[in-house]
Amino acid sequence: MRLVLDDEHAHAVIVPFGGAGAERPAANVQRMLGWVLAILGLGALLTGAVVLVVFGLLLGPLLVWLAWNVLDLAHAIGAPELGFWGIVLAAVFLAIGLAGRIIIVAAVFLIDPSWFHGAARLHWPEPTFQNFIAICLLLIVASASTHPHHHDDRRKRRSHEPVYDG
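Sequential numbering from 67 applies to the sequence shown in this note's numbering.
Structure follows, in structure tokens:
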């Protein structure tokens, strides 16, 4: 607040931040609001990254474990149950693209080829609701790598433009 003396009318008035002083509190509030929004934005970005990592790293193996061991799809097709690392490896294998799958197969073949010596007589599972749900859960994990990523929409628009032969 400041005191304004008016000589023409012979009185004094107290004006809250009038004139040039009005810019100062607004600038402080604007600067503080900018910092608050920046902190909230970074917090939201960090929260999103944590959620992505947690769901990406935990949800896939959880769904594979649920389908393979709990809903007993392994027994239904004649395969053995998977341990912890087998479940993690199967979830990663299902969730990544072809190049990653080739790398996983090469790593397993080079590091521990005894995994390939296991014998199992596989067969088509019985058509039960439980097996259907288990297969759907595995398909959910496998579909994570098949969703198209739209990085550049300009290519798509150009392909629909008419060609002028002039």
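Even for Gly, the Cβ is constructed at its ideal location relative to N, Cα and C.
Between the Cα of R187 and those of L132, A104, I143 and L118, spot the shortest distance and give me the residue it belongs to.
Counting from one through the sequence shown, the residue named residue 187 turns up at place 121. Looking at the Cα atoms, I143 is the closest of the given residues.
Quick one: Cα of P179 to Cα of I169, how far?
Position 113 of the sequence shown holds residue 179. Position 103 of the sequence shown holds residue 169. Distance between the alpha carbons of P179 and I169 is about 14 Å.
Cβ separation of W131 and I153, assumed to be a contact under 8 Å, to the nearest whole Å
Within the sequence shown, the letter at position 65 stands for residue 131. Within the sequence shown, the letter at position 87 stands for residue 153. That belief holds up - the Cβ atoms of W131 and I153 are roughly 5 Å apart, short of 8 Å.
Taking the CB atoms as reference points, tell me whether L203 and A133 lie closer together than 8 Å.
Position 137 of the sequence shown, counted from the start, is the residue given in the question as residue 203. Position 67 of the sequence shown, counted from the start, is the residue given in the question as residue 133. Contact: yes.
To the nearest angstrom, how far is the alpha carbon of F121 from that of W101?
In the sequence shown, residue 121 corresponds to position 55, counting from 1. In the sequence shown, residue 101 corresponds to position 35, counting from 1. Looking at the two C-alpha atoms, the distance is approximately 30 Å.
Cβ shell of W190 (< 8 Å), same chain only, five flanking positions each side left out
The residue given as residue 190 occupies position 124 in the sequence shown. I143.
If you count every other CB in all the chains shown that lies within 10 Å of the CB of A156, and 16 or more means buried, which is it?
The residue labelled residue 156 in the question sits at position 90 within the sequence shown. Result: buried.
Compute the Euclidean distance between the alpha carbons of L160 and S209, then round it to the nearest angstrom.
Walking along the sequence shown from the start, residue 160 turns up at place 94. Walking along the sequence shown from the start, residue 209 turns up at place 143. Between L160 and S209, the C-alpha separation is close to 8 Å.
Looking only at C-alpha atoms, which of L128, A165, R167 and L164 sits nearest to G149?
Counting from 1 along the sequence shown, the entry for residue 149 is found at position 83. Minimum Cα distance to G149 is reached at L128.
Identify the continuous alpha helix (DSSP H) that holds G152 and give its terminal residues.
Counted from its first residue, the sequence shown places residue 152 at position 86. Taken as a continuous stretch (DSSP letters only), the alpha helix (DSSP H) holding G152 covers F150 to A161.
Please report the straight-line C-alpha distance between G126 and A93, rounded to a whole angstrom.
What you label residue 126 is simply residue 60 of the sequence shown in a count that begins at 1. What you label residue 93 is simply residue 27 of the sequence shown in a count that begins at 1. Between G126 and A93, the C-alpha separation is close to 49 Å.
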